[in-house]
Amino acid sequence: MPITTKEEVKELLQIPAADTSKDILIDSLIVKVQDFIIRRINNFAVPYVYAECYGLTFTASDKSINSNSQQFLESGLDQGNNILVSGTYQNNKLFSIATITDNKITVNETVVNEESSLRVIIHKVEFTEDIKLATADFIAFKMNKEKTVKSRSLGDHSESFFTQQEMLAEFSSFRKLQWD
4 MPITTKEEVK
14 ELLQIPAADT
24 SKDILIDSLI
34 VKVQDFIIRR
44 INNFAVPYVY
54 AECYGLTFTA
64 SDKSINSNSQ
74 QFLESGLDQG
84 NNILVSGTYQ
94 NNKLFSIATI
104 TDNKITVNET
114 VVNEESSLRV
124 IIHKVEFTED
134 IKLATADFIA
144 FKMNKEKTVK
154 SRSLGDHSES
164 FFTQQEMLAE
174 FSSFRKLQWD
């Protein structure tokens with residue numbers, strides 16, 4: 004499950020559900036903003052639910068992460084969990100688990116074919132509910148084509164906008180130090 008859904012973003016930004024004119028853009032931005040937030044904040048990994056693996060293979064044809072020795076179920080990972088993979092060359096990203104066995108995780112997202120002899124860490128990830136509003140605000144900021152304008156007014160009407168630096172500062176309260 005992604006950090007937020009298109010429907011949640013539209014609700015938080017007060018975009019009518021029937022208005023589909025921005026759906027493709029919102030879907031695209033959710034993925035990009037989610038990856039940005041995960042890298043910027045580092046506050047979503049459940050510290051004691053992870054797998055440390057060597058010799059994993061990633062198979063694009065069946066969207067799987069495979070191990071000859073790792074017991075994924077013993078790690079505490081389960082179907083429906085979000086996982087963050089790190090330590091690979093091409094598959095460092097967030098996935099959601101479709102199915103899981105002791106030696107195979109099938110995910111819902113695209114996987115790139117890869118054999119890794121490197122140390123790969125697979126963390127369980129949980130998103131807090133309060134991050135959804137900040138995410139929706141950031142998506143709204145990215146959708147705004149007049150990002151360089153701080154404010155504008157016309158007669159009695161005026162609008163103010165975040166600067167990039169102000170928008171990023173909104174995420175500082177979510178930041179957490181990285182675990183060892």
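Be aware that the sequence shown starts at 4, since it is given in my numbering, and climbs by one per residue.
Positions of the beta carbon are idealized from the N, C-alpha and C atoms, including for glycine.
Since the model is a prediction, treat every value here as computed from it, not as a measurement.
Checklist entry - Quick check: the stretch 89–105 against the stretch 14–30, are there 3 or more CB pairs under 8 Å? => result no
Next on the checklist: Rounded to whole angstroms, what is the Cα-Cα separation between residue 136 and residue 14?
Outcome noted: 10 Å
Checklist entry - Cβ atoms of residue 78 and residue 106: under 8 Å apart, would you say? => result no
Checklist entry - Taking the alpha carbon of residue 51 as the point to measure from, which residue in 80, 147 and 61 has its own alpha carbon closest? => result 80
Checklist entry - Near residue 34, what residues of its chain come up, given a Cβ to Cβ distance below 8 Å and the 5 sequence neighbours on each side ignored? => result 5
Checklist entry - Can residue 57 and residue 124 be called in contact, C-beta distance under 8 Å? => result no
Next on the checklist: Given a cut-off of 8 Å on the beta-carbon distance, is the pair residue 114 and residue 72 in contact?
Outcome noted: no
Next on the checklist: According to DSSP, is residue 80 part of a helix, a strand, or is it coil?
Outcome noted: coil
Checklist entry - Looking only at its own chain, which residues have a Cβ that is under 6 Å from the Cβ of residue 145, when we skip the five neighbours before and after it? => result 32
Checklist entry - CA-CA distance, residue 151 and residue 86? => result For residue 151, the predicted structure reports a pLDDT of 48, less than 50, and the residue's modelled location is therefore unreliable. A value from the coordinates is still provided. Cα to Cα, the separation comes out at about 35 Å.
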